[in-house]
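Here the numbering used here is used: the first residue of the sequence shown is -17, the next is one more, and so on. Have a look at the structure below before the remarks.
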Amino acid sequence: MSNLFLFNLPKELKPFYQVIENTLLDYLQIKVAPVTENNIMDISTLLWQSKFGGLPYLPKNKQYPINDKREYLRLVAQLNFTEIPYLDHFPTTGILQFFIDSNDNIYGLNFDNPTSQKGFRILYYSDIEKNINNLVTDFSFLPNLEEDFYFPIRGQFTLEFNRCQATIYPFDKYFNDYLPQLNQDECSLLFDIYTEYYDNKFNGFKHQLGGYPYFTQSDPRFGILKENEPYKLLLQIDSEYFDIDQEICWGDAGIANFFIQPSALKNLDFSQVLYNWDCT
């Protein structure tokens, strides 16, 4: 791995250079661009394209996802891995979709059971059907998005993926597993120095695929009492503003995370994804 980000390591942290370098992890940073009237007819609106918001890829022989009240969920993100740069342990083909509940003021989040997909849904299609005649194109059964007051995605956004690296976030649940020498309780000064270094170099507020998560409050994985395998970041969606009709906003400018266990990701099993969002 590259160590370009570590050249200006504070002098107090230089004795820990190697262990910090060992936490560098590849991820794909996601740059979003709103779909406007000027580009609405180009490839950005294809049903199988990677996007935030908009209408989903849906074969006619599949059911549109609903919540436990039989209300339609809304597409918050769609990832077409055939057009995404390679990232270790992630699929290289297929479409992965993230739906959440726009009828709920907490977006389908279940604090007691964050893997329960009653208020959100993760769907994966291993094979992509590009014959438009075999896809649902009429989504008039969905309520008008303007009526979905609580939905955090206003508009539709195309996605651009760029490979990056970052060290572990200081308030990550597993920080002490990677850097026990910088433990927050035992070495508060070093921890504070590392936190400032992280904030200056990496700035965790971003949309990203893989890598280390970021939070406005605390790591939700602390709430998991028993886990036979750590949950890793699958997708992170930040808040970002363009205009009143084109914005991504989780509550009060928050951030959303979807986590998965590595063995489940390897098996393309998205039934136990952990979903969380928080804001200040």
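Backbone N, C-alpha and C fix where the C-beta goes; we use that ideal spot for every residue, glycine too. The structure presented is a predicted model; accordingly, all values stated were derived computationally and were not measured.
Here the segment 26 to 35 makes contact with the segment 43 to 62; the two share three or more CB pairs at distances below 8 Å.
Annotation: the continuous alpha helix (DSSP H) that includes A246 extends over 244 to 248. Under the 10 Å beta carbon count, G205 is surrounded by fewer than 16 other beta carbons and is classified as exposed. Between L215 and P195, the gap from beta carbon to beta carbon is short of 8 Å.
Under the 10 Å beta carbon count, Y39 is surrounded by 16 or more other beta carbons and is classified as buried.
Distance from the CA of Q243 to the CA of G90, rounded to the nearest whole angstrom, comes to 21 Å.
Considered as a whole, the segment -1 to 85 harbours 7 to 16, 33 to 35, 56 to 62, 77 to 82 as its complete beta strand (DSSP E) runs of no fewer than 3 residues, in chain order. If only uninterrupted beta strand (DSSP E) runs of at least 3 residues are considered, those enclosed by the segment 83 to 108 are 102 to 107. For F143, the beta-bridge partners assigned by DSSP are I12. Around G137, the same chain offers P16, V17, G35, F224, D227, Q228, E229 as residues with beta carbons nearer than 8 Å, after the five sequence neighbours per side are excluded. Annotation for E178: the continuous alpha helix (DSSP H) segment containing it runs 170 to 183. If you look at D225, you'll find it isn't in any alpha helix (DSSP H); it sits in the beta strand (DSSP E) that goes 222 to 225. Taking the Cα positions, Q166 is about 5 Å away from F173.
Considering only Y68, D251, T262, the residue with the shortest C-alpha distance to R145 is Y68. DSSP links I150 through a beta bridge to no other residue. Burial check for N185: the Cβ neighbour count within 10 Å stays below 16, so the residue is exposed. Here C231 really is in contact with P134; their C-beta atoms are around 6 Å apart, less than 8 Å.
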